[in-house]
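Read through the structure below, which is laid out as structure tokens, and then see the notes.
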Amino acid sequence: MTASTHTGERLVDFGEVLTRYEPVIGLETHVELGTASKMFCGCATTFGAEPNTQTCPVCLGLPGSLPVSNAAAIEATIRIGLALGCRIAPWSRFARKNYFYPDIPKGYQTSQYDEPLCTAGHLDVEVDGETYRVEIERVHLEEDTGKNLHVGGATGRIHGASHSLVDYNRAGIPLVEIVTRPIPGTGARAPEVARAYVTELRDILLALGVSEVRMEQGNLRCDVNTSLAPIGSLEWGLRTETKNVNSLRSVERAVRYEMRRQAAVLDAGGRVVQETRHFHEDTGTTSPGRSKEEATDYRYFPEPDLVPVAPDAPWVERLAAELPELPAARRARLREEWGLSATEMAWIVNAGAVDLVADTVAAGATPADARKWWLGELARRANDAGVELAQLPVTPRQVAELTGLVAAGTVNDQLARQALDGVLAGEGDPAQVVEARGLAVMGESDELVAAVEAAIAGAPDVVAKVRGGKVAALGALVGQVMKATRGKADAPTVRRMLEERVL
Amino acid sequence: MSTPVPKDPPARQDTAGPGRDGTAGPGRDGTAGLGRDDVAHLARLARLALSDEELDHFAGQLSAVLDAVAQVGKADVADVPPTTHAVPLTDVTRPDVVAPSLPRDVVLAQAPAAEDDRFRVPQILGEEE
Chain A
30 MTASTHTGER
40 LVDFGEVLTR
50 YEPVIGLETH
60 VELGTASKMF
70 CGCATTFGAE
80 PNTQTCPVCL
90 GLPGSLPVSN
100 AAAIEATIRI
110 GLALGCRIAP
120 WSRFARKNYF
130 YPDIPKGYQT
140 SQYDEPLCTA
150 GHLDVEVDGE
160 TYRVEIERVH
170 LEEDTGKNLH
180 VGGATGRIHG
190 ASHSLVDYNR
200 AGIPLVEIVT
210 RPIPGTGARA
220 PEVARAYVTE
230 LRDILLALGV
240 SEVRMEQGNL
250 RCDVNTSLAP
260 IGSLEWGLRT
270 ETKNVNSLRS
280 VERAVRYEMR
290 RQAAVLDAGG
300 RVVQETRHFH
310 EDTGTTSPGR
320 SKEEATDYRY
330 FPEPDLVPVA
340 PDAPWVERLA
350 AELPELPAAR
360 RARLREEWGL
370 SATEMAWIVN
380 AGAVDLVADT
390 VAAGATPADA
400 RKWWLGELAR
410 RANDAGVELA
420 QLPVTPRQVA
430 ELTGLVAAGT
440 VNDQLARQAL
450 DGVLAGEGDP
460 AQVVEARGLA
470 VMGESDELVA
480 AVEAAIAGAP
490 DVVAKVRGGK
500 VAALGALVGQ
510 VMKATRGKAD
520 APTVRRMLEE
530 RVL
Chain B
4 MSTPVPKDPP
14 ARQDTAGPGR
24 DGTAGPGRDG
34 TAGLGRDDVA
44 HLARLARLAL
54 SDEELDHFAG
64 QLSAVLDAVA
74 QVGKADVADV
84 PPTTHAVPLT
94 DVTRPDVVAP
104 SLPRDVVLAQ
114 APAAEDDRFR
124 VPQILGEEE
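Line order of the protein sequences matches chains A and B. Converting from the first sequence to this note's numbering requires adding 29 to each position, the first position being numbered 1. Converting from the second sequence to this note's numbering requires adding 3 to each position, the first position being numbered 1.
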């Protein structure tokens, strides 16, 4: 069965694609490093600075300027390579990738070609309890481009624009490119494997502290390669390269869309054109982009202005020894510490709540309580609000405080949820909200004594039943008192007070 | 000014690139120098509009340059380790420290045209349909 998009592109149902074709995916991920200064000059890298206020003769490519490599960027690239199990090259060079485009002020991008810093690594990712090994082809260091702003066309798109405006603040910011080898054998899980890979990579980069990895700021950008081959075919199909995929969700959608589109092309007896395609966030579709210049058309040659990078072995060994605990190892350790099954841990991971739960435990909550709140009540609130868990206006420390109030008997679960309402509404920490809203469970106060006595006086028939031996009937009186105190009384306390007076 | 990149010509195998032996490459027909098609291709990549006369003219001139450089290939280098850089240094780096940038008015004074504090460039074609 096929469907059509609004642009008339024919699509095969995803499930049906898998009955005839086997996907192969591949990812090229660009990461802007979080260095203070640019790759080859001392210009600042501050995001959102006034246009063209962070440029100099080097990053503008003015005649006579000489680049000098940023030591921190080289170290960060090697650490990324080490975290991905790569071989670190003992000898590496920069190259000029020549092409003319307004966002490249120099007329070439300083990149690495045949001598990248890191090669032959791998990253294991897990989807639905199954582990997929993604082979890493290379990790190399280059520089980012400027930013074009298209004027005169609809919604800032290049199409129909009368001219473009360029801001070179971003030009020259260190950019690491991480390229996978083709990933076969993922079948129906191809879209999820692609997403899981980028997610895991992002978490590794965060753990290394080499980039802020804010996808919405373009710190992490993906090109997603997809191809289909008929099941049983010995050859892979021609691939498309979808650019401009800038969120985790989009990575998954882009692969899914390309699989459905390519299947329709192949079903109709057509050929998939090897091309660059653009991803459209709003519709989740892709469209053809520029015909890609062949690698030889970039006329790569060694950068004469930069000397080779030759990381010496003891330094690389030290960097390897000093790597922080990586996400996979951390998850395994936390699972052990928290006493969870693999499935329970997977729920936390899938909810994006590992850090939240860990921080809540660190703030004093039990693992069981932390997990219960984040995956239960808080997940529900996030879902209702349409935001990620981490975006809820409540901190792990506040959640820990809330669980502490429950454990101490200050509030019960129902009152705790009301206290959470207050925290989310910005009324302060849980204890403050409990105080301000008067949510604390009532002790044996005069008010509670009065409510208990009123309940007894108001139901002589129930009292008679209880005294006649039907002790279970006491429950009705407990309910009366709870209702009269709007849930703020502690039910066991109320029961005890009733028993003292009735029996 | 950028122009659309036309359909690629037949795959070229001999464009100089890293990893090669450093000699000036022969043309794709196996003879020394650049052919007219090679020059036309390079001109397209460089966004240069050349007339037929200019193509012939530059093909001749560039071939002469390449022929001159190709003499390096005659040197006996069997016992010479490959040289990757003219300067016998590695790992020249700078610490990750911010240095002042140029004032924006100075930067934009270099631009052929400026608008909204940005470099103004003509319509970019050939990127997206």
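Virtual Cβ for every residue (Gly too), placed ideally from N, Cα, C.
Between residue i and residue j, which are expected to be in contact by the criterion C-beta below 8 angstroms, what is the C-beta distance as a whole number of angstroms?
i, j, result
"L421 of chain A", "L407 of chain A", "6 angstroms"
"R39 of chain B", "A71 of chain B", "Rounded, the Cβ-Cβ distance is 20 angstroms, inconsistent with contact."
"A483 of chain A", "L506 of chain A", "Actually they are not in contact, since the Cβ atoms of A483 of chain A and L506 of chain A sit about 10 angstroms apart, beyond 8 angstroms."
"V463 of chain A", "A469 of chain A", "5 angstroms"
"R268 of chain A", "S256 of chain A", "4 angstroms"
"A219 of chain A", "I377 of chain A", "Not really, about 25 angstroms apart at Cβ, beyond 8 angstroms."
"T96 of chain B", "I103 of chain A", "7 angstroms"
"L348 of chain A", "L111 of chain A", "6 angstroms"
"T93 of chain B", "V338 of chain A", "7 angstroms"
"I202 of chain A", "E172 of chain A", "7 angstroms"
"V239 of chain A", "I109 of chain A", "6 angstroms"
"A27 of chain A", "L355 of chain A", "Outside the displayed span of chain A (30 to 532) sits residue 27 of chain A, for which this structure offers no information."
Kindly list, in the order they appear in chain B, the residues whose Cβ is closer than 7 angstroms to that of residue i.
i, result
"H309 of chain A", "Here the premise fails: no neighbours, minimum Cβ distance about 11 angstroms."
"H169 of chain A", "The contacting residues do not exist; H169 of chain A stays about 13 angstroms from chain B at best."
"P145 of chain A", "Simply none; closest approach about 11 angstroms."
"I103 of chain A", "T96"
"R122 of chain A", "T87"
"D252 of chain A", "Within chain B, no residue comes near D252 of chain A; the closest Cβ sits about 15 angstroms away, beyond 7 angstroms."
Using only CA atoms, which one of the options lies nearest to residue i?
i, options, result
"A223 of chain A", "A:A236, A:V195, A:S240 and A:S279", "A:S279"
"L47 of chain A", "A:A399, A:M288, A:G497 and A:G298", "A:M288"
"N177 of chain A", "A:V163, A:R199, A:D157 and A:I165", "A:R199"
"P211 of chain A", "A:G381, A:M244, A:E264 and A:H169", "A:E264"
"T209 of chain A", "A:C115, A:T372 and A:L434", "A:C115"
"D458 of chain A", "A:I133, A:V428 and A:R285", "A:V428"
"V500 of chain A", "A:R515, A:R524, A:D519 and A:K512", "A:R524"
"G538 of chain A", "A:L204, A:L237 and A:P259", "Residue coverage of chain A in this structure runs from 30 to 532, which leaves residue 538 of chain A outside it and unanswerable."
"D397 of chain A", "A:G415, A:L418 and A:R364", "Residue identity differs from the one stated: residue 397 of chain A is Ala in this sequence, not Asp. Ranking A:G415, A:L418 and A:R364 by Cα distance to A397 of chain A puts A:R364 first."
"L249 of chain A", "A:R122, A:L235 and A:A258", "A:L235"
"I133 of chain A", "B:A117, B:A112, B:V124 and B:V101", "B:V124"
"N81 of chain A", "B:L51, B:L58 and B:R107", "B:R107"
"H309 of chain A", "A:R400, A:V302 and A:P317", "A:P317"
"Q141 of chain A", "A:S191, A:G201, A:R122 and A:G381", "A:R122"
"V242 of chain A", "A:D252, A:V531 and A:R231", "A:R231"
"G498 of chain A", "A:A486, A:V510 and A:E528", "A:E528"
"E515 of chain A", "A:N379, A:V492, A:A480 and A:R530", "Looking at the sequence shown, residue 515 of chain A is not Glu but Arg. Ranking A:N379, A:V492, A:A480 and A:R530 by Cα distance to R515 of chain A puts A:A480 first."
"F43 of chain A", "A:A101, A:H59 and A:E281", "A:E281"
"P119 of chain A", "A:D296, A:P333, A:L295 and A:W344", "A:W344"
"Q533 of chain A", "A:I207, A:R466 and A:E221", "Shown here, chain A extends from 30 to 532; a query on residue 533 of chain A therefore has no answer."
Under the DSSP definition of a beta bridge, which residues are partnered with residue i?
i, result
"Y130 of chain A", "In the DSSP output, where bridge partners are listed per residue, Y130 of chain A has none listed."
"M471 of chain A", "A:A518"
"P331 of chain A", "A:A124"
"S66 of chain A", "A:A73"
"P259 of chain A", "A:Y50"
"D252 of chain A", "A:E57"
"V180 of chain A", "A:H192"
"F61 of chain B", "Answer by DSSP bridge pairing: none, since F61 of chain B is not bridged."
"T174 of chain A", "Per DSSP, none; premise fails for T174 of chain A."
"F43 of chain A", "Its beta-bridge partners do not exist; DSSP assigns none."
"A419 of chain A", "None; A419 of chain A has no bridge partner."
"R50 of chain B", "Answer is none; R50 of chain B lacks a bridge partner."
"E270 of chain A", "A:N254 and A:T305"
Give the interface partners of residue i over in chain A, defined as CB-CB distance under 7 angstroms, in chain order.
i, result
"T86 of chain B", "Here the premise fails: no neighbours, minimum Cβ distance about 11 angstroms."
"E56 of chain B", "None at all; the shortest Cβ gap to chain A is about 24 angstroms."
"P125 of chain B", "H192"
"V90 of chain B", "V336"
Listing by chain order, which chain B residues have their CB less than 8 angstroms from the CB of residue i?
i, result
"F129 of chain A", "S5, L48, A49 and R50"
"V267 of chain A", "Here the sequence assigns Leu to residue 267 of chain A, which means Val is not the residue at that position. In chain order: nothing, as chain B lies at least about 15 angstroms away."
"S98 of chain A", "V95, T96 and R97"
Below 8 angstroms on C-beta distance, what does residue i contact in chain A?
i, result
"R121 of chain B", "P80, N81, L178, L194, V195 and D196"
"D102 of chain B", "Checking the sequence, you will find Ala at residue 102 of chain B rather than Asp. Within 8 angstroms Cβ-Cβ: S66, C70, G71, C72 and C85."
Determine the chain B residues that contact residue i at a beta-carbon separation under 9 angstroms, and present them in chain order.
i, result
"A339 of chain A", "T93 and D94"
"D173 of chain A", "Simply none; closest approach about 16 angstroms."
Listing by chain order, which chain A residues have their CB less than 9 angstroms from the CB of residue i?
i, result
"R107 of chain B", "E79, P80, N81, T82 and T84"
"V110 of chain B", "N81, T82, T84, C85, L89 and Y197"
Next on the checklist: Suppose only complete runs of 3+ residues qualify. What are the beta strand (DSSP E) ranges in the stretch 82 to 166 of chain A, listed by chain order?
Outcome noted: As far as the stretch 82 to 166 of chain A is concerned, its whole beta strand (DSSP E) runs of at least 3 residues are 124 to 127, 137 to 140 and 147 to 156.
Checklist entry - What runs of the beta strand (DSSP E), each 3 residues or longer, lie entirely inside the stretch 69 to 103 of chain B? => result none
Checklist entry - Could you give the uninterrupted runs of the alpha helix (DSSP H) lying entirely in the stretch 195 to 243 of chain A, keeping only those of 4 residues or more? => result 219 to 237
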